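Participant: Residue numbers (the working numbering), protein chains in the order written: chain P, 1 to 388; chain C, 389 to 709. By construction, the Cβ of each residue, glycine as well, lies at the ideal position given by its N, Cα and C atoms. It should be emphasised that the depicted structure is a prediction, and the values quoted were computed from it without experimental measurement. Have a look at this one before I ask anything.
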Amino acid sequence: MDYDFSPEDQALRQRLRDLIDEHMPADFPGIFVDDLAMYEATARFCRVLAQEGLLTLSWPRRYGGAESTPWSQLVFREEMWSHNEPTGPQYMGVNWIGPALMQFGTEEQKAFFLPRIAAGEIVWCQGFSEPDAGSDLASLQLRAEPDGDDFVLNGQKIWTSYATFADYCILATRTESAGPKQHGITVFLVPMDRPGIEVRPIASLTGPHHFHEVFFTDVRVRRDEMLGRLHEGWAVMSAGLSYERTGNPRYARSARILAQLWEELGDRWGEVPGGLRARYVKALVHTRTAQLLNYRVVNAYSADELPRLEASLARVAATTLDQEVADVAMDMEAPWALFGHDDELRVGSGDTEHHWRYAQASTVAAGTLEVQKMLIARATLQSEKEGA
Amino acid sequence: MNLDVPETVLEFAATARRALADDVALSRTRAAMDGDAEARRSVARAVAALGADDLDLTELHDALAAAHLCMEVGRIGGLAPVAAQLTARRAGRPGLVQAAASASRTLVDHADLADALAVVTIDGAVHEVSVHRGADPHHLLAPFASVVDPGPAVGAGATDATLWPFAETMAAFTVLGAVTAATDLSRTHLLQRHQFGKPLASFQALQHRFADCQLAVHGLYELAHYTLWALHHRPARALADALALRVAALETSRSVFRHAHQIHAAIGLCDEHALSLLSRSVQVHQYVPMPIDATVEALAVRLPTDGFDALFPIGPVGAVA
Numbered sequence: 001m002d003y004d005f006s007p008e009d010q011a012l013r014q015r016l017r018d019l020i021d022e023h024m025p026a027d028f029p030g031i032f033v034d035d036l037a038m039y040e041a042t043a044r045f046c047r048v049l050a051q052e053g054l055l056t057l058s059w060p061r062r063y064g065g066a067e068s069t070p071w072s073q074l075v076f077r078e079e080m081w082s083h084n085e086p087t088g089p090q091y092m093g094v095n096w097i098g099p100a101l102m103q104f105g106t107e108e109q110k111a112f113f114l115p116r117i118a119a120g121e122i123v124w125c126q127g128f129s130e131p132d133a134g135s136d137l138a139s140l141q142l143r144a145e146p147d148g149d150d151f152v153l154n155g156q157k158i159w160t161s162y163a164t165f166a167d168y169c170i171l172a173t174r175t176e177s178a179g180p181k182q183h184g185i186t187v188f189l190v191p192m193d194r195p196g197i198e199v200r201p202i203a204s205l206t207g208p209h210h211f212h213e214v215f216f217t218d219v220r221v222r223r224d225e226m227l228g229r230l231h232e233g234w235a236v237m238s239a240g241l242s243y244e245r246t247g248n249p250r251y252a253r254s255a256r257i258l259a260q261l262w263e264e265l266g267d268r269w270g271e272v273p274g275g276l277r278a279r280y281v282k283a284l285v286h287t288r289t290a291q292l293l294n295y296r297v298v299n300a301y302s303a304d305e306l307p308r309l310e311a312s313l314a315r316v317a318a319t320t321l322d323q324e325v326a327d328v329a330m331d332m333e334a335p336w337a338l339f340g341h342d343d344e345l346r347v348g349s350g351d352t353e354h355h356w357r358y359a360q361a362s363t364v365a366a367g368t369l370e371v372q373k374m375l376i377a378r379a380t381l382q383s384e385k386e387g388a
Numbered sequence: 389m390n391l392d393v394p395e396t397v398l399e400f401a402a403t404a405r406r407a408l409a410d411d412v413a414l415s416r417t418r419a420a421m422d423g424d425a426e427a428r429r430s431v432a433r434a435v436a437a438l439g440a441d442d443l444d445l446t447e448l449h450d451a452l453a454a455a456h457l458c459m460e461v462g463r464i465g466g467l468a469p470v471a472a473q474l475t476a477r478r479a480g481r482p483g484l485v486q487a488a489a490s491a492s493r494t495l496v497d498h499a500d501l502a503d504a505l506a507v508v509t510i511d512g513a514v515h516e517v518s519v520h521r522g523a524d525p526h527h528l529l530a531p532f533a534s535v536v537d538p539g540p541a542v543g544a545g546a547t548d549a550t551l552w553p554f555a556e557t558m559a560a561f562t563v564l565g566a567v568t569a570a571t572d573l574s575r576t577h578l579l580q581r582h583q584f585g586k587p588l589a590s591f592q593a594l595q596h597r598f599a600d601c602q603l604a605v606h607g608l609y610e611l612a613h614y615t616l617w618a619l620h621h622r623p624a625r626a627l628a629d630a631l632a633l634r635v636a637a638l639e640t641s642r643s644v645f646r647h648a649h650q651i652h653a654a655i656g657l658c659d660e661h662a663l664s665l666l667s668r669s670v671q672v673h674q675y676v677p678m679p680i681d682a683t684v685e686a687l688a689v690r691l692p693t694d695g696f697d698a699l700f701p702i703g704p705v706g707a708v709a
């Protein structure tokens with residue numbers, strides 16, 4: 001039993017922090033802001049990471065990766081999360097669309113997309129959710145009708161992040177309605193400049209670029225743009241989980257926010273009201289616990305195990321922690337935290353306001369808190385007969 | 389980085405469980421709580437037979453074995469003062485050494501089972517104690533607790549800054565055993581008990597309570613193991629780490645037993661059921677050496693000087709974790 005990272009992983013962490021310091025704007029707030037320069041900074045940073053051989057740490061060597069351990073991948077993810085995701089939207093291409101292409105893609109698709117993802121040149125959006133297919137994703141209805149060698153797409157996606165930035169959409173469509181709803185889904189890789197695609201941003205509390213509606217009207221896609229087999233897209237969509245090796249390191253951002261608050265306070269810790277000090281201390285404890293729960297997940301991946309229960313536990317801990325820390329930080333910086341990165345009135349890094357807004361979605365995105373609790377209950381309440 | 393508990397420790401824990409959680413465990417716990425000291429002595433003998441005295445507590449491996457032994461004793465309602473016994477051994481003292489907030493009147497569980505009694509205060513000073521009043525089974529929430537008065541510090545006031553953290557870490561593992569057992573009981577009850585024609589496990593409100601129990605227990609498990617490792621590898625931060633663990637143990641205990649009682653309803657409040665006995669067994673630790681708010685405050689006042697290790701450390705601690 002040993003909780004120290006290897007010297008290599010400690011060096012990797014320091015190298016990433018140095019690169020972020022060197023190449024990202026000071027107090028980089030993430031890309032969910034109106035300032036397009038922040039998005040452009042992430043695009044440049046991805047190319048820097050690619051040149052340094054750090055963007056595709058997890059990938060096999062034959063695709064330009066480093067085949068790094070789950071622990072190294074975790075260090076990378078912790079540093080990205082904690083620093084407001086300097087890779088912008090490109091994490092998605094690296095983390096699961098690239099690996100999905102390796103598993104399901106044709107040679108032509110691999111040859112076209114993988115080098116571009118690895119070079120930090122492609123931004124993806126994920127077209128899964130629909131107005132009537134949220135947590136119950138397999139109910140999706142966007143139609144893909146065969147028409148000669150092509151398919152014609154009609155329907156709507158919603159909540160699509162990065163849709164205005166994206167070069168391509170990994171799109172889940174309905175190609176057959178009969179049978180179980182997981183059957184008859186087909187995935188396409190669709191260029192976002194294809195005629196008939198309309199993106200409408202949805203203004204939201206979480207800030208710009210988080211949510212969009214994407215409408216598909218008579219959009220033509222070619223058969224060679226299909227990823228995986230006809231009607232078997234559910235396997236492609238589900239495979240995302242199987243490439244996951246780092247759990248959910250959201251606690252890393254909470255840890256950084258708490259440290260920033262501490263720095264801001266300087267020698268005024270004793271002046272903080274007792275109740276708020278107590279909440280801050282508890283948040284420190286809960287951050288450590290969430291981190292350790294996630295390390296259990298990575299520990300399992302390191303042993304080639306699939307830690308379903310542990311992953312749900314870690315996700316619940318990290319996402320509820322987001323909200324706990326967001327509330328503590330807002331209260332500590334009240335009321336000026338409300339002004340976020342405002343040059344005149346902001347407090348400290350200005351991250352608190354952004355984190356609070358982001359945290360409201362934490363227990364909703366990628367499987368709601370309630371779904372996660374159902375999964376935990378299902379995994380632990382199976383009767384002996386079922387569980388054996 | 390490797391979070392695997394050594395196989396030898398897990399085997400030791402499994403042996404301990406077989407020895408302690410036998411067919412008479414429930415009736416023995418009930419008898420002990422009703423005032424039968426022999427029931428507790430039999431557990432103390434079983435613990436001794438497991439070789440607890442042979443563990444080298446300066447080594448992480450053996451300290452882990454000790455911690456898992458505490459967990460097993462916690463599972464059966466803390467019928468033997470294993471945490472305090474191990475702390476005494478680490479301090480090179482006979483009998484029991486229990487954590488105290490300060491050198492003032494406090495409670496010590498199982499004082500009647502030991503010839504020598506002492507407390508270690510949070511600053512690491514050891515004080516021998518005299519019993520002011522013995523345990524009384526009529527105190528349903530503290531059936532094994534004696535009231536003790538500390539004398540002056542022993543050893544010319546020499547302190548060991550890791551002793552209080554060690555004591556509280558072992559105590560936290562004992563709590564971990566109790567909340568694990570309470571969660572196991574809840575699982576069985578949810579699967580076996582039927583209402584409205586179906587098992588309780590099918591009701592989502594109860595599923596969510598149970599998921600919260602699982603989350604709390606797993607979290608405490610991870611934190612307790614980390615804290616014990618850190619005690620051996622980063623002893624300078626041991627007090628902050630132990631206080632953090634105590635905060636988690638107290639929160640977990642409150643929350644898990646709250647859920648477990650709600651899941652079990654009336655039967656879980658009866659001493660015929662193990663849940664009631666377990667629930668009673670953890671109450672002294674909830675307030676001794678100090679309740680949760682005082683524990684949080686103890687960590688808060690030390691943050692500027694002791695710091696807190698994290699991915700982004702608080703205060704004066706080392707670089708990147």
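#1: Comparing alpha-carbon positions, which option in Arg690/C, Leu398/C, Cys658/C, Phe700/C lies nearest Arg418/C?
#2: For Pro469/C, which of helix, strand or coil comes out of DSSP?
#3: Less than 9 Å between the beta carbons of Ala366/P and Ser312/P, yes or no?
#4: Any beta carbon from chain P within less than 9 Å of Ala453/C's own beta carbon?
#5: Return yes when the Cβ of Leu573/C is within less than 9 Å of the Cβ of Ala530/C, no when it is not.
#6: Which runs of the alpha helix (DSSP H) spanning at least 4 residues fall entirely within the segment 201 to 280 of chain P, listed in chain order?
#7: Within 10 angstroms of its Cβ, does Ala707/C collect 16 or more other Cβ (buried), or is it exposed?
#8: Which residues mark the beginning and the end of the alpha helix (DSSP H) in which Pro99/P is found?
#9: From Leu448/C to Glu85/P, what distance separates their C-alpha atoms?
#10: Kindly list the residues whose CB is nearer than 7 Å to the CB of Tyr39/P, restricted to its own chain and excluding five residues on each side of it in sequence; keep chain order.
#11: What are the complete beta strand (DSSP E) segments, minimum 3 residues, inside the segment 552 to 594 of chain C?
#12: Let's see if you can read the secondary structure: which residues bound the beta strand (DSSP E) around Tyr168/P?
#13: Counting only beta-carbon separations shorter than 9 Å, does Phe554/C have a partner in chain P?
#14: Following the continuous beta strand (DSSP E) through Gly155/P, name the residue where it begins and the one where it ends.
#15: With Gln58/P as the anchor, note down where its beta strand (DSSP E) starts and where it stops.
#16: Touch check for the segment 630 to 646 of chain C and the segment 686 to 694 of chain C: three-plus C-beta pairs under 8 Å?
#17: If I'm right that Leu445/C touches Arg481/C with Cβ under 8 Å, what's the distance once you round it to whole angstroms?
#18: Which residues of chain P have a Cβ atom closer than 9 Å to the Cβ of His723/C, listed in chain order?
#19: Could you spell out the range, first to last residue, of the alpha helix (DSSP H) harbouring Pro115/P?
#20: Do you know whose CA, among Phe598/C, Ala626/C, Ala555/C, lies nearest His673/C's CA?
#21: In chain C, which residues lie less than 7 Å from Thr289/P when you measure between Cβ atoms?
#22: For the structure I just gave you, are there three or more beta carbon pairs, one from the segment 321 to 334 of chain P and one from the segment 247 to 260 of chain P, closer than 8 Å?
#23: Assign Arg17/P to one of three DSSP states: helix, strand, or coil.
#24: What does Thr186/P pair with, by DSSP beta-bridge criteria?
#25: Considering only the beta carbon of each residue, do Ile158/P and Ser129/P sit closer than 9 Å?
#26: Within 8 Å, do at least three Cβ pairs link the segment 321 to 341 of chain P to the segment 279 to 289 of chain P?
#27: Using only alpha-carbon positions, find the residue among Trp124/P, Phe76/P, Gly240/P that is nearest to Asp9/P.
#28: Counting only Cβ pairs nearer than 8 Å, list the residues of chain C close to Glu264/P.
#29: Measure the Cβ-Cβ separation of Gln595/C and Leu381/P and say whether it is below 9 Å.
#30: Within 10 angstroms of its Cβ, does Ile655/C collect 16 or more other Cβ (buried), or is it exposed?
#31: Quick one: using the 10 Å Cβ neighbour count with 16 as the cut-off for buried, is Ala238/P buried or exposed?
#32: Alpha carbons only, please: which of Val431/C, Ala401/C, Arg463/C is nearest the one belonging to Ser664/C?
#33: Sorted by chain position, which residues of the same chain lie with C-beta nearer than 6 Å to Trp234/P's C-beta, five sequence neighbours on each side aside?
#34: Between which two residues does the beta strand (DSSP E) harbouring Cys125/P extend?
#35: What in chain C is Cβ-close to Arg256/P, meaning under 8 Å?
#36: Distance check for Pro692/C and Met459/C, CA to CA, integer angstroms please.
Facilitator: Reading off the structure:
#1: Here residue 418/C refers to the residue found at position 30 of the second sequence. Per the Cα distances, Cys658/C.
#2: Counted from its first residue, the second sequence places residue 469/C at position 81. Looking at Pro469/C - three-state DSSP - the assignment turns out to be coil, as it is neither helix nor strand.
#3: As a working note, residue 366/P is residue 366 in the first sequence. As a working note, residue 312/P is residue 312 in the first sequence. No; because the gap between Cβ atoms is not below 9 Å, this pair is not in contact.
#4: Walking along the second sequence from the start, residue 453/C turns up at place 65. So no, Ala453/C is outside the interface.
#5: Here residue 530/C refers to the residue found at position 142 of the second sequence. Here residue 573/C refers to the residue found at position 185 of the second sequence. No, they are not a contact pair.
#6: 233 to 243, 251 to 265
#7: Within the second sequence, the letter at position 319 stands for residue 707/C. With a pLDDT of 39 at Ala707/C, under the threshold of 50, the modelled position of this residue cannot be trusted; read the value that follows with caution. Exposed.
#8: Taking the first sequence and counting its residues from 1, one reaches residue 99/P at position 99. From DSSP, the alpha helix (DSSP H) with Pro99/P extends over 98 to 104.
#9: On the second sequence, residue 448/C is found 60 positions in, with the first residue counted as 1. On the first sequence, residue 85/P is found 85 positions in, with the first residue counted as 1. About 37 Å.
#10: For the purposes of this step, residue 39/P is taken as the residue at position 39 of the first sequence. Counting only Cβ-Cβ distances below 7 Å, and skipping sequence neighbours, we find Ile31, Gly88, Phe165.
#11: none
#12: The sequence position of residue 168/P within the first sequence is 168, counting from 1. That run of the beta strand (DSSP E) goes 168 to 174.
#13: As a first step, residue 554/C is located in the second sequence; it is residue number 166 there, counting from the start. No, its Cβ sits nowhere closer than 9 Å to a Cβ of chain P.
#14: As a working mapping, residue 155/P is identified with position 155 in the first sequence. Segment 150 to 158, the beta strand (DSSP E) holding Gly155/P.
#15: The residue labelled residue 58/P in the question sits at position 58 within the first sequence. Reading off the sequence shown, one finds Ser at residue 58/P, where the question assumed Gln. It is not in any beta strand (DSSP E) - Ser58/P carries neither H nor E in the DSSP assignment.
#16: yes
#17: Locating residue 445/C in the second sequence gives position 57, where the first residue counts as 1. Locating residue 481/C in the second sequence gives position 93, where the first residue counts as 1. That belief does not hold up - the Cβ atoms of Leu445/C and Arg481/C are roughly 12 Å apart, past 8 Å.
#18: Since the displayed chain C opens at 389 and closes at 709, residue 723/C lies outside it and no answer follows.
#19: Along the first sequence, one-based indexing puts residue 115/P at 115. It spans 107 to 118 - the alpha helix (DSSP H) in which Pro115/P sits, taken as one unbroken run.
#20: To locate residue 673/C, count along the second sequence from 1; it is residue 285. If we check each option's Cα against that of His673/C, Ala555/C comes out closest.
#21: Translated into positions along the first sequence, residue 289/P becomes position 289. Simply Gly607, Glu610, Leu611, Ala636.
#22: yes
#23: The residue you call residue 17/P lines up with position 17 of the first sequence. Arg17/P: helix per DSSP, three-state reduction.
#24: Mapped onto the first sequence, residue 186/P falls at position 186. According to DSSP, Thr186/P bridges with Thr173/P.
#25: As a first step, residue 158/P is located in the first sequence; it is residue number 158 there, counting from the start. As a first step, residue 129/P is located in the first sequence; it is residue number 129 there, counting from the start. A contact, by the Cβ cut-off of 9 Å.
#26: yes
#27: Taking the first residue of the first sequence as position 1, residue 9/P is located at position 9. Answer by Cα proximity: Phe76/P.
#28: Start at 1 with the first residue of the first sequence, and residue 264/P comes out as number 264. Those within 8 Å of Glu264/P in chain C number zero; the least Cβ separation is about 12 Å.
#29: Here the question's residue 595/C lines up with position 207 in the second sequence. Here the question's residue 381/P lines up with position 381 in the first sequence. Against a cut-off of 9 Å, the Cβ pair of Leu381/P and Gln595/C comes out as a contact.
#30: Here the question's residue 655/C lines up with position 267 in the second sequence. By the 10 Å Cβ count, Ile655/C comes out exposed.
#31: Walking along the first sequence from the start, residue 238/P turns up at place 238. Looking at the sequence provided, one finds Ser at residue 238/P rather than Ala. When all chains shown are included, Ser238/P counts as exposed.
#32: On the second sequence, position 276 is the one that residue 664/C refers to. Ser664/C has its Cα closest to that of Arg463/C, out of Val431/C, Ala401/C, Arg463/C.
#33: Your numbering for residue 234/P matches position 234 in the first sequence. Excluding sequence neighbours, Trp234/P sits near Gln182, Ile185.
#34: Looking up residue 125/P in the first sequence gives position 125. That run of the beta strand (DSSP E) goes 124 to 127.
#35: For the purposes of this step, residue 256/P is identified with residue 256 of the first sequence, where counting begins at 1. Per Cβ cutoff of 8 Å: Leu699, Phe700.
#36: Against the second sequence, residue 459/C aligns to sequence position 71. Against the second sequence, residue 692/C aligns to sequence position 304. For Met459/C and Pro692/C, the distance between alpha carbons rounds to 33 Å.
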